[in-house]
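Colleague: In the numbering used here, the protein residues as written are 969 to 1178.
Please read through the structure below; I'll follow up with questions.
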Amino acid sequence: MEQYVVKPGPEAFLPPAAASMGIVLPDPGEAHYEGRIIDEEDAYEQIARKLLGAKVPTIFPGPLVLWKWNEKAGKKAEAIRELANALPARLIPMADYRPKYPKIDPEVEINPNHPNLTIWHNKIDACIFVGVHCHQANLALKIIRGGTDCFTIALCAQAGHEDACASFRDINVEKIKKLTETVKRLKSEGVESQALPFTQIKMTRAGRVA
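So this is what it looks like as structure tokens:
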């Protein structure tokens, strides 16, 4: 059987889970790129080039970095802002998908960010997930791969995400800064950002057209 490749879609109405197709997660010191396990050092450059080549690179920060629930989260958020400025990239915060007892709004808590709609309406061609709980990221990444042509990148604090087109594991402030420095180095070497000026795109969230 030909090896399954985790590429941008649109793949199918119901894309298979990458793990069910034989895709495995990287070990420490490795990264995941389109279903292949590569050295983490190589991943910095490949991912940086992919982001610089995108017309609408976008970062989706989740609750684990949106709220300063500890000092580490605050420092990670600052590093993400530096990365966004270096590219440059748009920032669209994830909705607060924590259940609100005693009344739960299923449209918010169960499917909070409508990732495929957000990407469709904003024409996002490369995005980063960071600070998103793994169960929410797995769901959203699969939806995006199924219905859009967006290249997804997951910066995961745990073991990574096989349903992303590219994924770092054990992400921390130092690794985010290293990705930022890689972006800056490539730009200094003549690799130009293809990102459209912010004034040309009016961002919307959760599929609401501005």
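Don't be surprised by glycine CBs; every beta carbon is placed ideally from N, CA and C.
So for V1177, helix, strand or coil by DSSP?
Modeller: Translated into the one-based positions of the sequence shown, residue 1177 becomes position 209. Any reading at V1177 needs caution, since the residue's pLDDT is 35, under 50, leaving its predicted position unreliable; the model's value is listed next. If DSSP states are grouped into helix, strand and coil, V1177 belongs with coil.
Colleague: L1179 to G1099, Cα distance in whole Å?
Modeller: For the chain, the structure presents residues 969 to 1178; residue 1179 sits outside this window and is missing.
Colleague: Evaluate H1103 with the Cβ neighbour count: other Cβ atoms within 10 Å of its Cβ, from every protein chain shown; 16 or more gives buried, anything less gives exposed.
Modeller: If you number the sequence shown from 1, residue 1103 lands on position 135. With fewer than 16 Cβ atoms within 10 Å of its Cβ, H1103 is classed as exposed.
Colleague: With the cut-off set at 8 Å, would you say P976 and F1119 are in Cβ contact?
Modeller: As a working note, residue 976 is residue 8 in the sequence shown. As a working note, residue 1119 is residue 151 in the sequence shown. Contact: yes.
Colleague: For G1030, which residues of its own chain have a beta-carbon under 6 Å away from its beta-carbon, when the five flanking residues on both sides are left out?
Modeller: For this step, residue 1030 is matched to residue 62 along the sequence shown. Closer than 6 Å at the Cβ level, and outside the excluded window around G1030, lie M1062, G1099 and V1100.
Colleague: If distances are taken between C-alpha atoms only, which option among F1028, F1136, C1095 and I1027 comes closest to G1003?
Modeller: Your numbering for residue 1003 matches position 35 in the sequence shown. That would be F1136, whose Cα lies nearest to the Cα of G1003.
Colleague: Around the Cβ of P1165, are there at least 16 other Cβ atoms within 10 angstroms (buried) or fewer (exposed)?
Modeller: One-based indexing of the sequence shown puts residue 1165 at position 197. With fewer than 16 other Cβ atoms within 10 Å, it is exposed.
Colleague: Do you know how far the Cα of R1153 is from the Cα of K1110?
Modeller: As a first step, residue 1110 must be located in the sequence shown, where it is residue number 142. As a first step, residue 1153 must be located in the sequence shown, where it is residue number 185. Between K1110 and R1153, the C-alpha separation is close to 32 Å.
Colleague: Short check: CB of L1019 to CB of L982, under 8 Å?
Modeller: What you label residue 1019 is simply residue 51 of the sequence shown in a count that begins at 1. What you label residue 982 is simply residue 14 of the sequence shown in a count that begins at 1. Cβ distance not < 8 Å, so L1019 and L982 don't count as in contact.
Colleague: Return the residue from the list L1107, T1116, S988 and N1053 that minimises the CA-CA distance to I1144.
Modeller: Residue mapping note: residue 1144 aligns to position 176 of the sequence shown, counting from 1. The shortest C-alpha separation from I1144 is found at N1053.
Colleague: Where does A985 fall in DSSP's three states?
Modeller: Here residue 985 corresponds to residue number 17 of the sequence shown, with the count starting at 1. Shown here, A985 sits in coil according to DSSP, grouped into three states, outside any helix or strand.
Colleague: Give the C-beta separation of L1034 and A1127 to the nearest angstrom, bearing in mind that I take them to be a contact with Cβ-Cβ under 8 Å.
Modeller: Counting from 1 along the sequence shown, the entry for residue 1034 is found at position 66. Counting from 1 along the sequence shown, the entry for residue 1127 is found at position 159. The beta-carbon separation of L1034 and A1127, rounded to 22 Å, does not stay under the 8 Å limit for a contact.
Colleague: Where do the ends of the alpha helix (DSSP H) carrying A1041 lie?
Modeller: The sequence position of residue 1041 within the sequence shown is 73, counting from 1. Segment E1039 to A1054, the alpha helix (DSSP H) holding A1041.
Colleague: Put C1095 into one of helix, strand or coil per three-state DSSP.
Modeller: Mapped onto the sequence shown, residue 1095 falls at position 127. In this structure, C1095 counts as strand in the three-state DSSP scheme.
Colleague: So, do the stretch 1003-1017 and the stretch 1040-1053 have three or more beta carbon pairs nearer to each other than 8 Å?
Modeller: In the pairwise beta carbon analysis, the stretch 1003-1017 is classified as not touching the stretch 1040-1053: fewer than three pairs are separated by under 8 Å.
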